[in-house]
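Let me begin by presenting the structure, written as structure tokens, before commenting on it.
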């Protein structure tokens with residue numbers, strides 16, 4: 006049975022303001038919740054159907070376990086089809102040592118506003134061993150439920166930090182900063198360092214002039230056939246993925 | 006002023022059944038609608054605010070133009086923030102000559118269910134000069150409003166066709182069929198033909214056994230660092246993009 010207070014808390018966590026206050030976020034669905042339970046993230050409480058609880062190994066006894074009906078879950082779920090389990094986790098405190106960045110490839114997102122795009126980028130970063138994703142304050146919130154769902158668990162492994170643009174780039178000033186631009190040089194013909202920052206821009210406006218001034222190498226993902234009339238641009242998660250894949254391909258070669 | 010009949014029609018077009026009956030679809034927003042007006046797609050009618058009509062060059066006089074208030078647009082829009090313009094287009098009849106496929110790179114989607122993923126893949130296909138995207142019957146509907154929006158206009162250039170799996174693969178039986186699998190060979194070390202079919206699978210289940218039997222080359226997108234514990238998979242639009250980018254990189258080299 007779900008208390009009114011818990012129900013209220015979960016509903017309140019659909020809003021960033023409350024997530025920030027409580028330092029909590031919600032994850033839904035069997036696959037995502039079980040994945041996150043096997044990470045270092047701290048689960049505060051877990052709400053599941055009787056059947057789910059019966060069939061799944063449960064987290065440690067510090068986690069409160071609440072058994073509910075499917076109807077009760079339906080009331081609090083944000084998903085289209087009601088999941089058998091929903092869990093509230095503590096937001097990880099992602100403390101990043103800026104000095105360590107010089108030996109790593111990292112991503113900086115400049116006002117990436119779509120929660121799904123942000124989550125997809127974090128999932129892809131995890132695949133390519135990119136440990137740190139920095140976000141400008143205009144980016145979507147990483148703890149938005151759509152973002153959490155589309156990270157597919159990578160939210161527990163990739164460190165995401167919201168930073169002030171100028172402070173961030175001034176603190177990493179010896180690193181190569183790559184950004185994609187229409188006038189950039191061909192991604193495949195340009196020398197790429199194994200470490201540095203890959204900057205990706207806003208869905209509608211690309212990289213802002215505020216961030217562009219820190220970019221040291223402008224790249225372009227060539228379309229095909231060259232000079233044909235195609236889409237004007239790629240989805241930002243797709244462009245990030247193609248760029249990161251090329252950085253990793255160079256090292257794997 | 007928007008008639009009740011038109012309002013009803015637009016609302017009915019949020020459902021696939023009605024879109025199929027009427028052979029129409031809806032596009033919303035300044036950028037998407039103006040892009041589509043400049044293609045071969047036939048616009049049946051266009052609904053816009055007085056201000057938008059005043060500031061934009063209008064389509065040919067075969068298109069009915071309806072001037073409305075923002076409030077009227079709000080009632081029929083499916084977008085979060087009400088756009089200044091919405092248009093109803095005829096669904097293109099995408100007749101694909103299967104014999105032509107032997108000289109092209111095409112995509113086959115096996116039950117890609119998320120409308121956003123489908124739209125993002127079509128946009129990316131356009132960028133990489135992939136003219137034809139084939140969909141199994143279990144895929145999302147290309148004329149779903151979310152899909153239309155995420156194609157960003159590529160829906161007018163890329164031909165999308167829903168096909169029967171067996172019939173399709175039997176009709177292209179001399180072409181190389183590529184698919185991504187965990188046990189596939191490294192994408193970057195495998196010989197890739199410039200032409201063929203790239204198969205991508207369902208978000209949760211990957212490529213079905215029904216389709217797998219037609220795959221002639223199994224590929225794998227290597228994660229980084231090799232053998233590390235990362236995300237188990239990539240978003241399907243991201244995986245499609247990385248694969249297509251590599252096919253095009255080989256030709257551009």
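Protein chains in written order, with the numbering used here: chain A, 6 to 258; chain B, 6 to 258.
We treat Cβ as the ideally placed atom computed from N, Cα and C, and that holds for glycine.
Quick caveat, the model's predicted, so the values are computed rather than measured.
At a threshold of 6 angstroms, does residue 188 (chain B) count as lining the ligand FAD (C-beta to nearest heavy atom)?
With respect to small molecules bound, the structure shown includes none, and the ligand FAD cannot be examined in it.
Which residue's Cα is closest to the Cα of residue 58 (chain B): B:39, B:253 and B:43?
Counting from one through the second chain, the residue named residue 58 (chain B) turns up at place 53. Taking only the C-alpha atoms, the option nearest residue 58 (chain B) is B:39.
Does the beta-carbon distance from residue 110 (chain B) to residue 205 (chain B) come in below 7 angstroms?
In the second chain, the residue the question calls residue 110 (chain B) occupies position 105. In the second chain, the residue the question calls residue 205 (chain B) occupies position 200. Their beta carbons are not under 7 angstroms apart, which means residue 110 (chain B) does not touch residue 205 (chain B) by this criterion.
If contact means a Cβ-Cβ distance below 9 angstroms, which residues of the region 141-158 of chain B contact chain A?
155, 156, 157 and 158
Cut-off 6 angstroms between Cβ atoms - residues of its own chain near residue 106 (chain A), not counting five sequence neighbours on either side
Here residue 106 (chain A) refers to the residue found at position 101 of the first chain. Only 177 meet the Cβ criterion.
Rounded separation between residue 117 (chain B) and residue 170 (chain A) - CA only
Within the second chain, the letter at position 112 stands for residue 117 (chain B). Within the first chain, the letter at position 165 stands for residue 170 (chain A). Their backbone Cα atoms lie some 37 angstroms apart in a straight line.
Beta-carbon neighbours of residue 243 (chain B), restricted to chain A and to distances below 7 angstroms
Within the second chain, numbered from 1, the residue matching residue 243 (chain B) stands at position 238. What residue 243 (chain B) touches in chain A: 125, 129, 242, 243 and 246.
Between the region 64-75 of chain A and the region 137-152 of chain A, can you find at least three pairs of beta-carbon atoms closer than 8 angstroms?
no
Compute the Euclidean distance between the alpha carbons of residue 128 (chain B) and residue 153 (chain A), then round it to the nearest angstrom.
What you label residue 128 (chain B) is simply residue 123 of the second chain in a count that begins at 1. What you label residue 153 (chain A) is simply residue 148 of the first chain in a count that begins at 1. Approximately 25 angstroms between the Cα atoms of the pair.
Throw me the rounded Cβ distance for the residue 208 (chain B) and residue 119 (chain B) pair, which I believe falls under 8 angstroms.
Position 203 of the second chain holds residue 208 (chain B). Position 114 of the second chain holds residue 119 (chain B). So it is a contact: roughly 6 angstroms between Cβ atoms.
Residues that DSSP places opposite residue 111 (chain A) in a beta bridge:
Working through the first chain from its first residue, we reach residue 111 (chain A) at position 106. Residue 111 (chain A) pairs with A:202.
Mapping DSSP to helix, strand and coil, what is residue 258 (chain B)?
Mapped onto the second chain, residue 258 (chain B) falls at position 253. DSSP places residue 258 (chain B) in coil when its eight states are reduced to three.
Using DSSP bridges, identify the partner residues of residue 93 (chain B).
What you label residue 93 (chain B) is simply residue 88 of the second chain in a count that begins at 1. Paired residue(s): B:31 and B:50.
With H, G and I counted as helix, E and B as strand and the rest as coil, what does DSSP make of residue 190 (chain B)?
For this step, residue 190 (chain B) is matched to residue 185 along the second chain. Strand, per DSSP.
Rounded straight-line distance, which links the Cα of residue 123 (chain A) to that of residue 167 (chain B)
Here residue 167 (chain B) refers to the residue found at position 162 of the second chain. Here residue 123 (chain A) refers to the residue found at position 118 of the first chain. Each residue's alpha carbon lies about 30 angstroms from the other.
Anything in chain B within Cβ reach of residue 239 (chain A), meaning under 8 angstroms, just list it in chain order.
Against the first chain, residue 239 (chain A) aligns to sequence position 234. Residues of chain B passing the Cβ test: 128, 129, 132 and 246.
Where residue 156 (chain A) and residue 125 (chain B) are concerned, what is the direct C-alpha to C-alpha distance, given to the nearest angstrom?
Mapped onto the first chain, residue 156 (chain A) falls at position 151. Mapped onto the second chain, residue 125 (chain B) falls at position 120. C-alpha separation (whole angstroms): 17 angstroms.
Per DSSP, the bridge partner or partners of residue 72 (chain A):
For the purposes of this step, residue 72 (chain A) is identified with residue 67 of the first chain, where counting begins at 1. Its beta-bridge partners are A:53.
How would you write the range of the alpha helix (DSSP H) that residue 122 (chain A) sits in, first residue to last?
Taking the first chain and counting its residues from 1, one reaches residue 122 (chain A) at position 117. Residues 120-132.
Compare the C-beta of residue 4 (chain A) against all C-beta atoms of chain B and say whether one is closer than 7 angstroms.
Absent from the model: residue 4 (chain A). The displayed extent of chain A is 6 to 258, so no value can be given.
Flag residue 228 (chain A) as yes if its beta-carbon sits less than 7 angstroms from any beta-carbon of chain B, otherwise no.
Taking the first residue of the first chain as position 1, residue 228 (chain A) is located at position 223. Yes, because at least one Cβ of chain B sits closer than 7 angstroms to the Cβ of residue 228 (chain A).
If we ignore side chains and look at the alpha-carbon of each, how far apart do residue 136 (chain A) and residue 253 (chain B) end up?
Within the first chain, residue 136 (chain A) is the residue found at index 131, counting from 1. Within the second chain, residue 253 (chain B) is the residue found at index 248, counting from 1. Each residue's Cα considered, the two are about 28 angstroms apart.
At what residues does the alpha helix (DSSP H) containing residue 14 (chain B) begin and finish?
Position 9 of the second chain, counted from the first residue, corresponds to residue 14 (chain B). Note, residue 14 (chain B): alpha helix (DSSP H), 9-17.
For residue 106 (chain A), which three-state DSSP category applies?
The count along the first chain starts at 1 and reaches residue 106 (chain A) at position 101. Of the three classes helix, strand and coil, the one that applies to residue 106 (chain A) here is helix, per DSSP.
Please decide whether residue 193 (chain B) counts as near chain A, where near means a Cβ-Cβ distance under 7 angstroms.
The residue you call residue 193 (chain B) lines up with position 188 of the second chain. So yes, residue 193 (chain B) belongs to the interface.
Here's the rule I'm using: 16 or more other beta-carbon atoms within 10 Å means buried, otherwise exposed. How should residue 234 (chain A) be labelled?
Residue numbering aside, residue 234 (chain A) sits at position 229 when the first chain is read from its first letter. Answer is exposed; the Cβ neighbour count stays below 16.
Are the region 239-258 of chain A and the region 224-232 of chain B touching by the rule of at least three beta carbon pairs closer than 8 angstroms?
yes
Taking the alpha-carbon of residue 62 (chain B) as reference, which of B:163, B:83 and B:90 has the nearest alpha-carbon?
Taking the second chain and counting its residues from 1, the one referred to as residue 62 (chain B) is at position 57. If we check each option's Cα against that of residue 62 (chain B), B:90 comes out closest.
Starting from residue 216 (chain B) and walking both ways along the alpha helix (DSSP H), at which residues does that stretch end?
Translated into the one-based positions of the second chain, residue 216 (chain B) becomes position 211. Taken as a continuous stretch (DSSP letters only), the alpha helix (DSSP H) holding residue 216 (chain B) covers 214-217.
Residues that residue 233 (chain B) contacts on chain A, provided the C-beta gap is smaller than 7 angstroms:
Mapped onto the second chain, residue 233 (chain B) falls at position 228. Correct list: 134.
For residue 180 (chain B) and residue 248 (chain B), which I take to be in contact (beta-carbon distance under 8 angstroms), what is that distance rounded to the nearest angstrom?
Reading the second chain from its first residue, position 175 is the one you call residue 180 (chain B). Reading the second chain from its first residue, position 243 is the one you call residue 248 (chain B). Rounded, the Cβ-Cβ distance is 16 angstroms, inconsistent with contact.
Rounded Cβ spacing between residue 159 (chain A) and residue 236 (chain B) (contact assumed at less than 8 angstroms)
Position 154 of the first chain, counting from 1, holds the residue named residue 159 (chain A). Position 231 of the second chain, counting from 1, holds the residue named residue 236 (chain B). With a Cβ gap of about 5 angstroms, residue 159 (chain A) and residue 236 (chain B) count as contacting.
Less than 7 angstroms between C-beta atoms, sequence neighbours within five positions excluded: which residues of the same chain meet that for residue 223 (chain A)?
Counted from its first residue, the first chain places residue 223 (chain A) at position 218. Around residue 223 (chain A): 184, 186, 188, 189 and 190.
Pick helix, strand or coil for residue 140 (chain B), following the three-state DSSP scheme.
Translated into the one-based positions of the second chain, residue 140 (chain B) becomes position 135. Looking at residue 140 (chain B) - three-state DSSP - the assignment turns out to be strand.
Using alpha carbons as the reference points, say which of B:175, B:138 and B:161 lies closest to residue 245 (chain B).
On the second chain, position 240 is the one that residue 245 (chain B) refers to. Answer by Cα proximity: B:138.
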